[in-house]
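S.K.:
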Amino acid sequence: MDRREFLKTSGALVISFRAPSFQALAQAGGKPALVPGELDSWIAVLPNGDVQAFFGKMDMGQGLDVAVAQIVAEELDVGADRVEVLMGDTGTSCNQGGASGSTGVSNGARLMRRAAAEARRVLVERASAQLGSPATELKVADGVVTGPKGSTSYADLIGGRYFNHKVEWNNQVGNPMDIKVPAKSKAPADYKVVGKPMPRRDVAWKVYGTSKFVTDVRVPGMLHARVLRPPRAACKVKSLDAGSIKGIRGAQVIRDKDFVAVVAPREWDAVRAAKALKVEWEPMKAPFVPMKDLYQHIRNAKVVKREDEVKKGDVNAALSAPGVKVVQAEYEWPFNSHASMGPGCAVVEIEKDGSCNVWTGSQKPHFVRDGVARLLNLPPEKVRAVWVAGPGSYGRNDAGDAAMDAAFLAKATGKPVRVQGMRADGTAWDPKGPACVHRARAALDASGKVVGYEFISKGFSRQHIATNESQPADSLVGQSLGVAPNPTQIFGVPGESYGFENKLLGWETIPQFVDHCSPLRTSHLRDPVGPEIHFGSEQFIDEVAHAAGEDPVAFRLKYLTNPRHAAVVKAVAEKSGWAGLGKGKGISFADRNGTAVAAVAQVEVDRKTGRVWARKFWIAHDCGLIINPLILKQTIEGNVVQGLSRTLFEEVRFDRDSVKSVDWASYPILDMGDAPESIEIVLIDRPEVAPSGAGEPTIRVIPAAVANAFFDATGVRMRRAPLSPEYVKAALSKA
Amino acid sequence: MAKYNFTVDGKRVSVDAQPEMPLLYALRDDLGLNNPHFGCGLAQCGACTVHLDDEAVRSCVMPVSAAANKTVTTIAGLGSPDKPHPLQAAYVAEGVPQCGYCINGWVMTAAALLKKNPKASDAELRDGLAGLKCRCGTHVAIMRAIKRAQSSQA
Chain F
1 MDRREFLKTS GALVISFRAP SFQALAQAGG KPALVPGELD SWIAVLPNGD
51 VQAFFGKMDM GQGLDVAVAQ IVAEELDVGA DRVEVLMGDT GTSCNQGGAS
101 GSTGVSNGAR LMRRAAAEAR RVLVERASAQ LGSPATELKV ADGVVTGPKG
151 STSYADLIGG RYFNHKVEWN NQVGNPMDIK VPAKSKAPAD YKVVGKPMPR
201 RDVAWKVYGT SKFVTDVRVP GMLHARVLRP PRAACKVKSL DAGSIKGIRG
251 AQVIRDKDFV AVVAPREWDA VRAAKALKVE WEPMKAPFVP MKDLYQHIRN
301 AKVVKREDEV KKGDVNAALS APGVKVVQAE YEWPFNSHAS MGPGCAVVEI
351 EKDGSCNVWT GSQKPHFVRD GVARLLNLPP EKVRAVWVAG PGSYGRNDAG
401 DAAMDAAFLA KATGKPVRVQ GMRADGTAWD PKGPACVHRA RAALDASGKV
451 VGYEFISKGF SRQHIATNES QPADSLVGQS LGVAPNPTQI FGVPGESYGF
501 ENKLLGWETI PQFVDHCSPL RTSHLRDPVG PEIHFGSEQF IDEVAHAAGE
551 DPVAFRLKYL TNPRHAAVVK AVAEKSGWAG LGKGKGISFA DRNGTAVAAV
601 AQVEVDRKTG RVWARKFWIA HDCGLIINPL ILKQTIEGNV VQGLSRTLFE
651 EVRFDRDSVK SVDWASYPIL DMGDAPESIE IVLIDRPEVA PSGAGEPTIR
701 VIPAAVANAF FDATGVRMRR APLSPEYVKA ALSKA
Chain W
1001 MAKYNFTVDG KRVSVDAQPE MPLLYALRDD LGLNNPHFGC GLAQCGACTV
1051 HLDDEAVRSC VMPVSAAANK TVTTIAGLGS PDKPHPLQAA YVAEGVPQCG
1101 YCINGWVMTA AALLKKNPKA SDAELRDGLA GLKCRCGTHV AIMRAIKRAQ
1151 SSQA
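Chains as they are written, first to last, in my numbering: chain F, 1 to 735; chain W, 1001 to 1154.
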C-alpha cells in the first residue's frame, strides 16, 4: 500500500490542518475499522520499523505515555525511543476511558501490553515462515528477528502495512476495555525496559514553547467566544439587550433559552463584549445555605442514599458494652475547586459535510465526542475529538463544558468557534469536590484494645454530574437549555486494613442544593473523596492511638492486617527516622485500589500568624510493579504538594446563591513560600504484583499527615479543613 | 485604535489595537504566538509572563500601549533547545513541568530575578517567586531546577 496513505491515517495530528473525519480515516488505505477487536487499532509498524501505539487515554504531565512506550517496547523487543504513543484522539484510538481513577497503567497499559505481545507473536510467526525456522528458534532484538538460517526485521515483515489481525475484545468500553490474545506477555524477571528510569517526552516542548496547548489551536475563520454564566445558581434570563455590544467590532450575541454567549473575530473583542453585554437575570432564589451553616446543614440533611461498604461484627454492641472507653470525633471538609491553571478551552469546527472536529483539553476526549454528537444530534462517527494538552486537568474540571459550549456555538454561528473561559469559569463554575462531615467512634477495652470502630462519611454525592461529558445533561449548556440532569449518589470509605473486630465503614449522601446550573454541583476531583475521607479517618486513627496510649506508628502496625500496608508504614517510619524526629511530626496511611502509601510530615506552626509550614515530607509508596521510577517520583511529589495546598488553603466560598471563590485571591492555593523544603520518597517495587496506579493515591494521605503533625506540634486537633491561617488562629486561641 | 511598534523575540512587529488592550492579546491573537498563556487575566498567577525589556511583567494586565518601542521576550525567545537559557536547561534536566501551563511565570520571573541576583538564596527565591501559581504542585522541583541553574552558572 501507499506509504503516504498509511501515514495520513495513523500519524500525529497536525493541528493547523483540517483533521480527516473518523469515517474517512477508518476507510482510507485499507485500514481495518477502528474497533478494539483489530490489532491495527492498537499497534502500527512504520516502514522504517518504528512503532506507533494508539492509546485511548491521555497524559497530562505524569508521563503515562512514557510508561506505555516502555511496556510496548518491552513486549515487542524494540527500543523505547522507537515507540511513539499517540493519545486521546478518537480518530486514532478506541475509548479506553480517558484519564480516570489512576487506571492509566493498571488498565490502559495492560491492554497495550497484550496488543504489543500479540503483535510480536504475529511478526515472529511471519518471520518463521519467511526464514524457514521454527518460531522457538528465533530471537528478537530491537525489531530484528534472527534465527539459525538468517534474519529479517519488523520493517521488512510489516513496515507500513496493516496486520489485519483480529483480537478478542471483551465488549467493554472505557476503563474496563480489554482484549484477549494467544500471545503470552513477558515475565517481569525478563524485563529490560520496564522498570527503568526514562525522562518524560513533553517537558522540552513545554519549557521551550515549541508546541501547542489546546489554547493555541487556531482554525481559519474561527470566532472567539465567551459564555456568560448566570450570576446566581439556576437563574434564568429575563431579558437581554443585544444593543449593548453594538459598538464592538463583529461582536454578536448567541442566546438560546438560558444559554448566553458572545462571539467576535478578535479575542479581546469577545472579552469586552462579554463584559459589556447587558443581561437581566432572575432575582436571587437563595438555594444555598449560609456558608457558616454548611456543616450543620450536612449533619441535619436527610439521607438520600446510604451504603455500608465494610461491615464486621456488631459495632453498636461493642460501643455500648460496659466498661469500654469510647473515643469519638467529627471531621469537616469543604467544597474544593479544580481551579485549573487556566480556564477550560476548546475549538470546534463543523465541516460542510456535517462532520465535526473538536480540539479539547478534556481528559476524556472519547466521551467528549459522544457528548458533542448528542448535543448536535450527529452520529458519533461524524465527530472527531482530539485531546490537546490543556491548562490542567485532575478530574472533571471545566474543560468538558468548554467543549460542549464550543460545539453548540459552532453550530449556532456556522463558523469554527474557540471558547476559553475567564478565571471565574474555572474557579467558580467548575464542578466541585463535595463538602462532607465524617463521624467516627471507637471503643477501647480495659487493656486498650480496639474492640469497635465506626467511620461514616456524610456529604454531597461526588457525582452530581457524571465524571465525563458524554451526556448534554451533565454540561452547563445542556442544563441551560433545559435538559434535566440525573445525578448519581456515590461517596466512599477509607482504604485500609485495620483488623478491628467490630467494624463499620459507610457513607451517606444528601440532596443537592439545586439540581441544575449550580456552581456547587460536584464531580470528580483528583482522588475523588480520598483526601476528604482520610483527613478524617487517619486523624481518627491517631486519636484512638493516643487514647490507647500508643505511638501512632506502632498502633498502625499493630492493627494493619495487609502486610503491604504494614510495609509502607514501616518504610516511611524508617526513612523519616520517626522515633528521633522532633516535635511537629505526623503520620498517615492509606490504600487506594491496591496502591499503599504512607506519609510522614513535619510541620512548624507560627502561633501568631496561624501559618503552618509543612517543611518536610517522607513518603513510602507501593503500587506493585514499577514501570518508571523517575516519573513515579515526580508524580508522587506533585501529589504531595497539591495535597498540601488542599489541606492548608483550599475552601470554596459561597453565599446564598453564588460561589464567591472566583479567582486566586478568593480561592488561594499554595504559594512558593509555603512549599515544602524536601520530599523524600521510598519506592517499594513488587514486580510480581500487577501495577495498581500512582496518579492519585499519595494525595489522600497528605491532609491527615499534616493535621496529625499539627496536633503533635500544638496539642490542638484541627478537625476542620483547611488548616488556613484564619482557622488555625481561631483554633489555637480557643485551646 | 492606534498602531504600536515593538520587538518580540528579536522581530520587529506592529499591532493595531486599542491602547488599553492587554499585551497578551496582541501577542496571542494579533501575532499568533502560543506561549504566553491566559491564566487569570488578573495578574494573580503568572501564566502570561513575558519580559518587557529586562522586567518580568504580566502581559494579561499590561496595556499594549506600554510595550510601544520596547523589547518583549517570551519563553520561546529566552532560549531554544540548541541554545537554552540555563533555567530552561535545568528545567529539562529536572523534568519540572507537569501540565506545564504555568511555566512562563516561573521561568520568566526566575530568569529576571537571577539576572539581578544570580546567587539568590532559598529565602530570596521563595520571596521573589511569591504570587506565582502551579496547580500540579511542582514547586519542589522548581526550586531544584533553579538551584541547578545557579550552580551551572557559578
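Note that beta-carbon positions come from the ideal geometry of N, C-alpha and C, so glycine has one too.
Evaluate contact between the region 300-311 of chain F and the region 502-514 of chain F, counting only Cβ atoms and requiring at least three cross-stretch pairs below 8 Å.
M.R.: yes
S.K.: So, F/ARG686 versus F/ASP622, is the Cβ gap smaller than 9 Å?
M.R.: yes
S.K.: So, with DSSP's three-state summary, where would you put W/LEU1027?
M.R.: helix
S.K.: Pick helix, strand or coil for F/GLU5, following the three-state DSSP scheme.
M.R.: Model confidence at F/GLU5 stands at a pLDDT of 36, short of 50, so the residue's coordinates are unreliable; what they give is reported in the following sentence. F/GLU5 falls in the helix class under three-state DSSP.
S.K.: Shorter than 9 Å from the beta carbon of F/ALA204 to some beta carbon of chain W?
M.R.: yes
S.K.: With a cut-off of 8 Å on the beta carbons, I'd call F/PRO343 and F/MET422 a contact; round off their distance for me.
M.R.: 6 Å
S.K.: Looking at C-alpha atoms only, which residue of W/CYS1099, W/GLY1032 and W/ASP1030 is the closest neighbour of F/ALA204?
M.R.: Ranking the options by Cα distance to F/ALA204, first place goes to W/CYS1099.
S.K.: Starting from F/TYR667, trace the alpha helix (DSSP H) both ways and give me its first and last residue.
M.R.: Per DSSP, F/TYR667 belongs to no alpha helix (DSSP H) and is neither H nor E.
S.K.: Output the distance between the C-alpha atoms of F/PRO199 and F/ALA115, rounded to the nearest integer angstrom.
M.R.: 24 Å
S.K.: Spatial neighbours of W/MET1021 within its chain, please: CB distance less than 6 Å, with the 5 preceding and 5 following residues excluded, ordered by chain position.
M.R.: VAL1064
S.K.: Find the residues of chain F that neighbour W/TYR1091, judging by a C-beta separation of less than 8 Å, and give them in chain order.
M.R.: VAL203 and VAL207
S.K.: Starting from the C-beta of F/VAL72, find all residues in its chain whose C-beta is less than 6 Å away, skip the five residues before and the five after it, and write them out in chain order.
M.R.: ALA53, VAL83, MET112 and ALA116
S.K.: Quick one: is W/LYS1011 near chain F, going by C-beta distance under 9 Å?
M.R.: no
S.K.: Looking at the C-beta of F/ARG200, does it have a partner C-beta in chain W at a distance below 9 Å?
M.R.: yes
S.K.: Mind reading off the beta-carbon distance from F/VAL640 to F/ILE669? Whole number of angstroms is fine, and I expect it under 8 Å.
M.R.: Not a contact, Cβ separation roughly 14 Å.
S.K.: Could you tell me whether any Cβ in chain F is nearer than 9 Å to the Cβ of W/LEU1114?
M.R.: no
S.K.: If I measure Cβ to Cβ from F/LYS583 and keep anything under 7 Å in the same chain, skipping five residues before and after, which residues do I get?
M.R.: ASP712 and ALA713
S.K.: Quick one: what's W/PRO1063 bridged to in DSSP?
M.R.: W/PRO1022
S.K.: Residues of chain W with a CB under 7 Å from the CB of F/SER393: which are they?
M.R.: CYS1099
S.K.: May I ask you to report which of helix, strand or coil DSSP gives F/TRP618?
M.R.: Residue state, collapsed to three classes: strand.
S.K.: If you follow the alpha helix (DSSP H) that W/ALA1123 is in, where does it begin and where does it stop?
M.R.: Start and end: 1122-1128.
S.K.: When you compare each of F/TRP359, F/GLY37 and F/ARG656 to F/ASN171 by their alpha carbons, which one comes out closest?
M.R.: F/GLY37
S.K.: With DSSP as the reference, please indicate the residues paired to F/LEU504 in a beta bridge.
M.R.: Under DSSP, F/LEU504 takes part in a beta bridge, and its partners are F/LYS311 and F/GLU454.
S.K.: Anyone know if the C-beta pair for F/VAL612 and F/VAL706 falls short of 9 Å?
M.R.: With respect to the 9 Å criterion, F/VAL612 and F/VAL706 are classified as neighbours on the basis of their beta carbons.
S.K.: Can you list the alpha helix (DSSP H) stretches of 4 or more residues lying completely in the region 43-113 of chain F, in chain order?
M.R.: 64-76
S.K.: List the residues of chain F that W/ASN1035 touches, going by C-beta distances under 8 Å, in chain order.
M.R.: GLY209
S.K.: Mind checking who F/TYR331 pairs with in its DSSP beta bridge?
M.R.: F/HIS438
S.K.: Since W/ASP1016 meets chain F, which of its residues come closer than 7 Å, beta carbon to beta carbon?
M.R.: What W/ASP1016 touches in chain F: nothing, since even the nearest Cβ is about 10 Å away.
S.K.: Please state whether DSSP places F/ASN336 in a helix, a strand or coil.
M.R.: DSSP, reduced to helix, strand and coil, places F/ASN336 within a strand of the structure shown.
S.K.: The region 1035-1051 of chain W: which residues have C-beta closer than 8 Å to a C-beta of chain F, in chain order?
M.R.: Per Cβ criterion, the list reads ASN1035, HIS1037, PHE1038, GLY1039, CYS1040, GLY1041, LEU1042, GLN1044, CYS1045 and ALA1047.
S.K.: By how many angstroms is the C-alpha of F/ALA402 removed from the C-alpha of F/SER153?
M.R.: 46 Å
S.K.: Near F/HIS366, what residues of its chain come up, given a Cβ to Cβ distance below 6 Å and the 5 sequence neighbours on each side ignored?
M.R.: THR90 and ASN95
S.K.: From what residue to what residue does the alpha helix (DSSP H) around W/ILE1142 run?
M.R.: 1139-1153
S.K.: From W/ASN1069, W/ARG1135, W/ALA1120 and W/HIS1139, pick the residue whose C-alpha is nearest to that of W/SER1151; which is it?
M.R.: W/ALA1120
S.K.: May I have the straight-line CA-CA distance separating F/GLY110 from F/ASP178, to the nearest angstrom?
M.R.: The sequence given here has Arg at residue 110 of chain F, not Gly. Rounded to whole angstroms, F/ARG110 to F/ASP178 spans 8 Å at the Cα level.
S.K.: Starting from W/ASN1005, follow the beta strand (DSSP E) in both directions and report where the run begins and ends.
M.R.: 1002-1008
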